[in-house]
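So the structure is just underneath, and the comments pick up after that.
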Amino acid sequence: MQSIDSAIAQLEHRRKTLPEHAEIQALTAAVAATSADLVAAETAVSDLEAEQGRAEAELEPVRERLSRNQTRIADGTIADPKALSSMVEEVTHLQRRISDLEDAELEIMEQLELATARLEGLRIRAGEVDQRLAGAVTRRDEAVAAIDAQITEQRAEREQLSPLLPGDLLALYDKIGTSHNGVGAAELRQRRCTGCQLEVNAADLRVFASAADDDVLRCEECSRILVRTAASGM
Ligand SMILES: [Zn+2]
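Quick note: the sequence shown uses the numbering used here, first residue -14, plus one each step.
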């Protein structure tokens, strides 16, 4: 009974301390961080796209005006030399303005290219982190299921065993067990309680040695029922 309960306690401990728990926690944090980065990167891309749209909209009427002026100069319909000269001047001005606006737009496009590349990289990374998290969850679920199956097996064995033990001894064992991680007994091995690892003192050992086989021995330190075996050292 004690070895079954020790096994159950160990299995429960292992289920609680699976490395996958920490892994899942870390990956969940990574998923949240990556998704926040993704939102920021998406916003940066859409902001730059809007900015490029505005730059293009600003260029359009200036280009149209330039083309209109160039046509009028070329077809020779402006007779007045003064008007012609001011139109040529305006063409120069419009060309400079277009060049400035195009430079600004080019800069926006370069930024947009960088932001898009960053977004693509983050999407790939987010996919990888999601996949790793899913993998860790699967592994944890499998490990928990395997441990649960073993615990069920141990409990079934315990069910079969308990009717074979004296009722009052089992009650005492269970009572101690509630405050001792579910294990109310420990093997006495090499004069040591394997429950609390304390060595039994000489006086107690003498009492234990003279006890009848069906006497219930208790550890002085942790009060667990001590199970005597050939290796008890008495
Ligand atoms: Zn003890």
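All residues carry an ideal CB built from backbone N, CA and C; glycine is no exception.
Quick one: grab the DSSP three-state call for residue i.
i	result
R176	coil
I63	coil
A171	strand
L183	coil
V201	coil
L211	strand
L206	Note that residue 206 is Glu in the sequence shown, not Leu. Coil, per DSSP.
N166	coil
T137	helix
G112	helix
L146	helix
T2	coil
G218	coil
A(-6)	helix
A128	helix
A188	helix
P151	coil
A102	helix
M226	A question about residue 226 goes unanswered here, because the residues of the chain that appear run from -14 up to 219.
A26	helix
A222	One cannot answer for residue 222 here, as it falls past the ends of the chain, which runs -14 to 219.
If we count the other Cβ atoms within 10 Å of its Cβ and call it buried at 16 or more, is residue i buried or exposed?
i	result
I93	buried
A187	exposed
L149	exposed
S217	buried
G112	exposed
L146	exposed
S(-9)	buried
L173	buried
V114	buried
Measuring CB to CB, does residue i end up less than 8 Å from residue j?
i	j	result
A26	L104	yes
V16	L107	no
I161	S208	yes
A171	V201	no
A40	A89	yes
G152	D159	no
R(-7)	Q139	Reading off the sequence shown, one finds Ile at residue -7, where the question assumed Arg. Yes, the Cβ-Cβ distance between I(-7) and Q139 is below 8 Å.
L69	I83	no
Would you list the residues sitting across from residue i in a DSSP beta bridge?
i	result
I9	The partner list for I9 (beta bridge, DSSP) is empty, contrary to what the question assumes.
Of all Cβ atoms in chain B, is any one closer than 8 Å to the Cβ of residue i?
i	result
A141	Considering every chain present, this structure includes no chain B. It has just one protein chain.
Whether or not the region 15 to 35 and the region 93 to 100 are in contact is what I'm after, with contact meaning three or more pairs of Cβ atoms, one per stretch, closer than 8 Å; do they touch?
The region 93 to 100, when compared against the region 15 to 35, does touch it at the 8 Å Cβ threshold.
Using 8 Å as the Cβ pair cut-off and three pairs as the minimum, do the region 48 to 56 and the region 118 to 128 touch?
In short, these stretches do not touch, since the Cβ pair count stays below three.
Within 8 Å, do at least three Cβ pairs link the region -2 to 9 to the region 191 to 202?
Between the region 191 to 202 and the region -2 to 9, the count of Cβ pairs shorter than 8 Å is below three; the stretches do not touch.
Under 8 Å: do the region 7 to 15 and the region 71 to 81 share three or more Cβ pairs, one atom per stretch?
The count of Cβ pairs closer than 8 Å, one atom from the region 7 to 15 and one from the region 71 to 81, stays below three, leaving the stretches out of contact.
Are the region 132 to 146 and the region 169 to 184 touching by the rule of at least three beta carbon pairs closer than 8 Å?
No, the region 132 to 146 is not in contact with the region 169 to 184.
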